Amino acid sequence: MIRVRRSAPAAWHADDGIATPVEMMYLLVFCIAAVLFLGFVGRLHAAGVQVTNTAQSAARAASQAPDPAAAMLAAEQVVLASTLAAR
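Residues in the sequence shown are numbered consecutively from 18, following the numbering used here.
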């Protein structure tokens, strides 16, 4: 009869509740991705607000012009004077 020695059970409970470096890297990657996504959404919203404000200003300038040609010129001048043209 062959005797089999049984080793002591592995102590898996030794690291219970401790975040391993791999888990921390996943968390770090998720946090960086979340911050980048929120930054992108914020810039997208700011660009939309800027386009809306420029369009309203151009429409206001065009509505105060005496004829259609002057209205077109006034609207184009407002758009070119805004910071929207630099983007």
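Note that CB positions come from ideal geometry on N, CA and C, so glycine has one too.
All figures in this text were calculated on a predicted structure; none of them were measured in a lab.
Q) Mind checking whether A76 and A82 have CB atoms under 8 Å apart? A) As a first step, residue 76 is located in the sequence shown; it is residue number 59 there, counting from the start. As a first step, residue 82 is located in the sequence shown; it is residue number 65 there, counting from the start. Contact: no.
Q | Straight-line gap, V95 to T37 (C-alpha atoms, nearest Å) | A | Counted from its first residue, the sequence shown places residue 95 at position 78. Counted from its first residue, the sequence shown places residue 37 at position 20. Here the alpha carbons of T37 and V95 stand approximately 57 Å from one another.
Q | Run of the alpha helix (DSSP H) containing S80, from where it starts to where it stops | A | Residue numbering aside, residue 80 sits at position 63 when the sequence shown is read from its first letter. Per DSSP, S80 belongs to the alpha helix (DSSP H) from P38 to S80.
Q | Span separating the alpha-carbon of V52 from that of A64 | A | Here residue 52 is taken as the residue at index 35 of the sequence shown, counted from 1. Here residue 64 is taken as the residue at index 47 of the sequence shown, counted from 1. Note on geometry: alpha-carbon atoms of V52 and A64 lie some 18 Å from one another.
(Q) Quick check on DSSP: helix, strand or coil for V21? (A) Indexing the sequence shown from 1 puts residue 21 at position 4. Here V21 sits in coil by DSSP.
Q) How long is the line joining the alpha carbons of H62 and E93, rounded to whole angstroms? A) Position 45 of the sequence shown, counted from the start, is the residue given in the question as residue 62. Position 76 of the sequence shown, counted from the start, is the residue given in the question as residue 93. Approximately 23 Å, taken between the alpha carbons.
(Q) I need the DSSP call for P85, collapsed to helix, strand or coil. (A) In the sequence shown, the residue the question calls residue 85 occupies position 68. Residue state, collapsed to three classes: helix.
Q | Test item: CB-CB of P71 and L101 under 8 Å | A | For the purposes of this step, residue 71 is taken as the residue at position 54 of the sequence shown. For the purposes of this step, residue 101 is taken as the residue at position 84 of the sequence shown. The sequence shown places Thr at residue 71, not Pro. Their beta carbons are under 8 Å apart, which means T71 touches L101 by this criterion.
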